[in-house]
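Trainee: The structure follows.
Protein chains in written order, with the working numbering: chain A, 1 to 152; chain B, 1 to 109.
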């Protein structure tokens with residue numbers, strides 16, 4: 001069970017799922033995110049990019065947070081737009097905490113495998129925020145403005 | 001994941017099928033390494049049957065590219081869906097790989 005930690009703002013969670021840190025579940029999560037994004041009016045290409053960002057974030061939790069253990073728990077919350085006209089994705093885990101200063105895009109001029117996840121997330125999402133959860137684990141909050149709201 | 005491999009005009013053509021993500025990229029990586037060992041002068045990766053690829057898939061291809069350069073084998077990607085091409089563009093790798101439209105283009109690139 002991954003209850004929201006005390007340092008998160010208390011709000012209703014429109015859609016919340018919890019699952020084990022197993023790569024085989026990622027395709028299911030992508031389908032859910034794609035459907036949710038499409039329902040809010042995102043064009044297929046943009047919904048696909050949103051899926052990629054969420055997928056990359058979950059991959060980071062699985063690989064780096066839980067060291068690829070299949071027994072970790074991950075919570076994904078999707079909140080429909082409110083005052084800021086943005087869809088919000090919150091990913092929470094109870095994995096090892098990471099120094100927030102080390103979470104950054106790497107130099108893309110250096111052509112080598114790996115290390116693209118953070119860059120992809122930051123390129124796709126309008127806002128990205130990492131924080132430590134009280135009691136252990138991480139919380140990643142990503143927001144994407146609705147179509148037609150991009151310049152607001 | 002299913003991966004078709006064939007030889008045509010002295011090129012090895014590998015065609016993965018399905019999503020290339022964290023779950024499937026280890027298998028894709030293994031099959032790609034096998035195909036690379038078979039390749040004589042050209043390795044073509046036909047992505048027509050790949051609807052989704054994440055950074056683990058891209059990393060596998062970057063690794064393949066590095067090996068190809070070391071081995072003197074030309075690596076060409078072809079038939080990328082828009083969704084997959086988008087990942088390369090965001091990662092600024094679309095100018096690093098040889099990316100063409102069709103398998104025939106890849107065989108003559």
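Yeah, the Cβ is synthetic: ideal placement off N, Cα and C, and Gly gets one too.
What does residue 49 of chain A reach in chain B if we use C-beta pairs closer than 7 Å?
Mentor: Those are 86, listed as they occur along chain B.
Trainee: Check whether the Cβ atoms of residue 136 of chain A and residue 73 of chain A lie closer than 8 Å to each other.
Mentor: Contact: no.
Trainee: Looking at the secondary structure, which residues open and close the beta strand (DSSP E) in which residue 44 of chain B lies?
Mentor: Taken as a continuous stretch (DSSP letters only), the beta strand (DSSP E) holding residue 44 of chain B covers 42 to 46.
Trainee: On the criterion of 16 or more Cβ atoms from any shown chain inside 10 Å, does residue 12 of chain B qualify as buried, or is it exposed?
Mentor: Residue 12 of chain B comes out buried.
Trainee: With burial defined as no fewer than 16 other Cβ atoms inside 10 Å of the residue's Cβ, what is the status of residue 57 of chain A: buried or exposed?
Mentor: Buried, by the Cβ-count rule.
Trainee: Would you please verify whether the beta carbon of residue 55 of chain B is less than 8 Å from any beta carbon of chain A?
Mentor: It does: the Cβ of residue 55 of chain B has a partner Cβ on chain A nearer than 8 Å.
Trainee: So, using beta-carbon positions, are residue 87 of chain A and residue 81 of chain A closer together than 8 Å?
Mentor: Yes.
Trainee: For residue 72 of chain A, name the three-state secondary structure that DSSP assigns.
Mentor: Reduced to three states, the DSSP call for residue 72 of chain A is coil.
Trainee: Residues of chain A with a CB under 9 Å from the CB of residue 21 of chain B: which are they?
Mentor: What residue 21 of chain B touches in chain A: 23, 26, 27, 30, 55, 59.
Trainee: Let me see if you follow: with CB-CB separation under 8 Å, is residue 46 of chain A close to chain B or not?
Mentor: No, residue 46 of chain A lies away from the interface with chain B (no Cβ there is under 8 Å from its Cβ).
Trainee: Identify every residue that forms a DSSP beta bridge with residue 111 of chain A.
Mentor: BP columns for residue 111 of chain A are empty, so no partner.
Trainee: Which complete alpha helix (DSSP H) runs does the stretch 14 to 45 of chain B hold, if anything under 4 residues is left out?
Mentor: Entirely contained in the stretch 14 to 45 of chain B, the alpha helix (DSSP H) runs reaching 4 residues are, in chain order, 25 to 38.
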